[in-house]
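Peer 1: To start, I am sharing the structure in question, which I have written as structure tokens.
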Amino acid sequence: MNICMVIVNFANFMRFFVIISALFLMSSCGPGMNKILKSKDAAYKLKMAEAFYTKKKYNKAQLIYEDILPYYKTTPQFQDIYYKYAYAAYYQRDYAMAENYFKTFLESFPNSPKSEEIEYMRAYAFYKQSPKPELDQSNTFKAVGFMQTFINTHPGSVRLPEANRILDDLRKKLEIKDYKSAKLYYDMGFYRAAGVSFAALLENFPESQIADEYKMMSVKSYYLFAENSIIDKKAERFKSVMDECREFLDRFPESKYKADIEKYMAMSQTQIQKFNNNEQVKKTS
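FYI, the numbering for the sequence shown is 118 to 402, going by the working numbering.
Shown next, in the form of structure tokens:
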């Protein structure tokens, strides 16, 4: 069998699979659902959608809401229908679609009394899509942005404590991801990159409970970078390590890593002195 036949057979299989899936979905809704969707009575459909929504049968409610949205678009009921339509997606854990519906709600009804709630829910939908720290954090960044905007624009909201808790949770996840990246650089022996990454961690999360550890790891990484540098660069880079050590001691005078930092400072001083002695020997010889 040649490749063209394989492609044709695969395409036929996929069409068959889509048809079977659609038939299964319709049959799972039951004969009553088919009757509702085929009805020409929009008011009846709305009544049934509301009944399904109340019973938490959100998949059926959403199908009917979607069907009747065009009928009610210019009516006073449209806002409430779209509100429940968006939540039906959310309750089915289709957070990407729910976020899109929440966004459309805000664009369509900017002055709605429910706009604060929906702004929060849009940010929350991104939060629900935030993955483990090891994965791409695009949705986490979006959740942080939208949740911070919500906090800034609704300082008196009853949702503020929960919004702040979620924001802390999201930032912790980003901190963990950045820490793992910096540690990976260190473990792979990319000491300059590790030093820069740990320094960035401290800058981005200055209130972290382990901020002194980030600074210590930055010092340690820069020391190893200097130690592995070419001769002509060693003295300059060990001086930079000493500057980093002084900065650490000023910022974290009571840190448990104080002794480690003093050790790196002393070793850097020894390396600089050794370099200076070698230079003196060269000049006198």
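By construction, the Cβ of each residue, glycine as well, lies at the ideal position given by its N, Cα and C atoms.
Report the three-state DSSP secondary structure of residue 367 (helix, strand or coil).
Peer 2: On the sequence shown, position 250 is the one that residue 367 refers to. Residue 367: helix per DSSP, three-state reduction.
Peer 1: Whole angstroms are fine: how far does the CA of residue 372 sit from the CA of residue 379?
Peer 2: Working through the sequence shown from its first residue, we reach residue 379 at position 262. Working through the sequence shown from its first residue, we reach residue 372 at position 255. So the alpha carbons of these two residues sit roughly 12 Å apart.
Peer 1: What's the call for residue 347, buried or exposed, on a 16-neighbour Cβ count within 10 Å?
Peer 2: As a working mapping, residue 347 is identified with position 230 in the sequence shown. With fewer than 16 other Cβ atoms within 10 Å, it is exposed.
Peer 1: Can you tell which of 307, 331, 326, 286 has its C-alpha closest to the C-alpha of residue 296?
Peer 2: The residue labelled residue 296 in the question sits at position 179 within the sequence shown. It is 331.
Peer 1: Just the Cα atoms here: how many angstroms apart are residue 261 and residue 288?
Peer 2: For the purposes of this step, residue 261 is identified with residue 144 of the sequence shown, where counting begins at 1. For the purposes of this step, residue 288 is identified with residue 171 of the sequence shown, where counting begins at 1. Take the alpha-carbon of residue 261 and the one of residue 288: they are about 7 Å apart.
Peer 1: Residues in the same chain with beta-carbon distance under 7 Å from residue 361, minus the five sequence neighbours each way, listed in chain order, please.
Peer 2: Against the sequence shown, residue 361 aligns to sequence position 244. Result list for residue 361: 335, 336, 339, in chain order.
Peer 1: Going by C-alpha to C-alpha distance, which of 199, 174, 315 sits closest to residue 186?
Peer 2: Locating residue 186 in the sequence shown gives position 69, where the first residue counts as 1. Of the candidates 199, 174, 315, the one whose C-alpha sits nearest the C-alpha of residue 186 is 199.
Peer 1: Quick one: Cα of residue 249 to Cα of residue 290, how far?
Peer 2: Here residue 249 refers to the residue found at position 132 when the sequence shown is read from its first residue. Here residue 290 refers to the residue found at position 173 when the sequence shown is read from its first residue. Distance between the alpha carbons of residue 249 and residue 290 is about 8 Å.
Peer 1: If I measure Cβ to Cβ from residue 201 and keep anything under 6 Å in the same chain, skipping five residues before and after, which residues do I get?
Peer 2: The sequence position of residue 201 within the sequence shown is 84, counting from 1. Contacts found: 170.
Peer 1: Determine the extent of the alpha helix (DSSP H) in which residue 421 is found, giving its start and end residues.
Peer 2: Examination of residue 421 is not possible in this model, given that the chain is present from 118 through 402 alone.
Peer 1: Helix, strand or coil for residue 314 per DSSP?
Peer 2: Within the sequence shown, the letter at position 197 stands for residue 314. DSSP places residue 314 in helix when its eight states are reduced to three.
Peer 1: Using the C-alpha atoms, what's the distance from residue 237 back to residue 205?
Peer 2: Position 88 of the sequence shown, counted from the start, is the residue given in the question as residue 205. Position 120 of the sequence shown, counted from the start, is the residue given in the question as residue 237. Put simply, the backbone Cα of residue 205 is about 16 Å away from that of residue 237.
Peer 1: Should residue 293 go down as buried or exposed, given a rule of 16 or more other Cβ atoms within 10 Å for buried?
Peer 2: Position 176 of the sequence shown, counted from the first residue, corresponds to residue 293. By the C-beta density criterion, residue 293 is exposed, having fewer than 16 other C-beta atoms within 10 angstroms.
Peer 1: Alpha carbon to alpha carbon, what distance is there between residue 222 and residue 417?
Peer 2: This structure does not reach residue 417, given that the chain is present from 118 up to 402, and the question cannot be answered.
Peer 1: Checking 8 Å against the spacing of the C-beta atoms, do residue 263 and residue 282 come in under that value?
Peer 2: Here residue 263 refers to the residue found at position 146 when the sequence shown is read from its first residue. Here residue 282 refers to the residue found at position 165 when the sequence shown is read from its first residue. Going by C-beta atoms, residue 263 is not nearer than 8 Å to residue 282.
Peer 1: Which same chain residues, not among the five before or five after residue 284, have their C-beta less than 8 Å away from its C-beta?
Peer 2: To locate residue 284, count along the sequence shown from 1; it is residue 167. Excluding five sequence positions before and after residue 284, the CB atoms of its chain that fall closer than 8 Å to its own CB belong to 261, 264, 265, 268, given in chain order.
Peer 1: Roughly how many angstroms lie between the CA atoms of residue 207 and residue 215, to the nearest whole one?
Peer 2: Position 90 of the sequence shown, counted from the first residue, corresponds to residue 207. Position 98 of the sequence shown, counted from the first residue, corresponds to residue 215. Straight-line Cα distance between these residues: approximately 5 Å.
Peer 1: Please state the DSSP three-state secondary structure of residue 241.
Peer 2: For the purposes of this step, residue 241 is taken as residue 124 along the sequence shown, with counting starting at 1. Of the three classes helix, strand and coil, the one that applies to residue 241 here is helix, per DSSP.
Peer 1: Measuring straight from C-alpha to C-alpha, what distance separates residue 392 and residue 357?
Peer 2: Along the sequence shown, read from residue 1 onward, the residue named residue 392 stands at position 275. Along the sequence shown, read from residue 1 onward, the residue named residue 357 stands at position 240. Using only the alpha carbons, I get a separation of about 15 Å.
Peer 1: Please identify the residue among 370, 354, 154 whose C-alpha is closest to the C-alpha of residue 333.
Peer 2: The sequence position of residue 333 within the sequence shown is 216, counting from 1. The shortest Cα separation from residue 333 among 370, 354, 154 belongs to 370.
Peer 1: For residue 212, name the three-state secondary structure that DSSP assigns.
Peer 2: Reading the sequence shown from its first residue, position 95 is the one you call residue 212. Looking at residue 212 - three-state DSSP - the assignment turns out to be helix.
Peer 1: Measure the CB-CB distance between residue 189 and residue 203 and report whether it falls below 8 Å.
Peer 2: Your numbering for residue 189 matches position 72 in the sequence shown. Your numbering for residue 203 matches position 86 in the sequence shown. No; because the gap between Cβ atoms is not below 8 Å, this pair is not in contact.
Peer 1: Since residue 385 and residue 355 are thought to touch, with beta carbons under 8 Å apart, how far apart are those beta carbons, to the nearest angstrom?
Peer 2: In the sequence shown, the residue the question calls residue 385 occupies position 268. In the sequence shown, the residue the question calls residue 355 occupies position 238. Contact flag correct, Cβ pair sits at about 4 Å.
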